[in-house]
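K.L.:
Okay, so the sequence shown: first residue is 5 according to the working numbering, each after it adds one. Dropping a structure here in structure tokens format, bear with me for questions.
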Amino acid sequence: MSVLVTFALLQFMGMPGEAIDCGQVNSSLAACIPYLTGADAAPSASCCAGVKNLKALAPTTAACACIKAAAARYPTIKEDAASSLPKNCGVEMNIPISKTTNCQAIN
């Protein structure tokens, strides 16, 4: 039984080095747009769930590029809200949420 559970978890998590789907990043951050643009004073529970999901994606240059592209699509995103989003959701991220992140520095 434990072998099946382990296999299921590996399938769910994806394998290291697997290509990141920017659609996953977009859907993870979609609920955060009101907070990131200043319409909401705090991130919603669904936003924080998305941030936790985002953290589960591999911290790679590709994931960083998806986050950066998602942030760039919204010119009204406030950089201070973006940079504080993980902390406000109680999540430690290896990739900053920002339009200006240097993705080449992400391992």
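No residue lacks a Cβ here, since even glycine has one placed at the ideal position from N, Cα and C.
Among Ile-110, Ser-50 and Thr-104, which has the Cα closest to the Cα of Lys-72?
P.N.:
Ranking the options by Cα distance to Lys-72, first place goes to Thr-104.
K.L.:
I think Thr-80 touches Ile-110, with their Cβ atoms under 8 angstroms apart; what is that distance to the nearest whole Å?
P.N.:
Going by Cβ atoms, the distance from Thr-80 to Ile-110 rounds to 25 angstroms, so no, they are not a contact pair.
K.L.:
If you count every other CB in all the chains shown that lies within 10 Å of the CB of Ala-74, and 16 or more means buried, which is it?
P.N.:
Classification for Ala-74: buried.
K.L.:
If you draw a straight line from the C-alpha of Pro-100 to the C-alpha of Ser-87, how long is it?
P.N.:
Going by the C-alpha atoms only, they are around 6 angstroms apart.
K.L.:
Just the Cα atoms here: how many angstroms apart are Ser-48 and Ala-60?
P.N.:
Spanning the two alpha carbons is a distance of roughly 19 angstroms.
K.L.:
Do Ala-69 and Cys-107 have their CB atoms nearer than 8 angstroms?
P.N.:
Yes, the Cβ-Cβ distance between Ala-69 and Cys-107 is below 8 angstroms.
K.L.:
Compute the Euclidean distance between the alpha carbons of Gly-94 and Ile-24, then round it to the nearest angstrom.
P.N.:
Spanning the two alpha carbons is a distance of roughly 23 angstroms.
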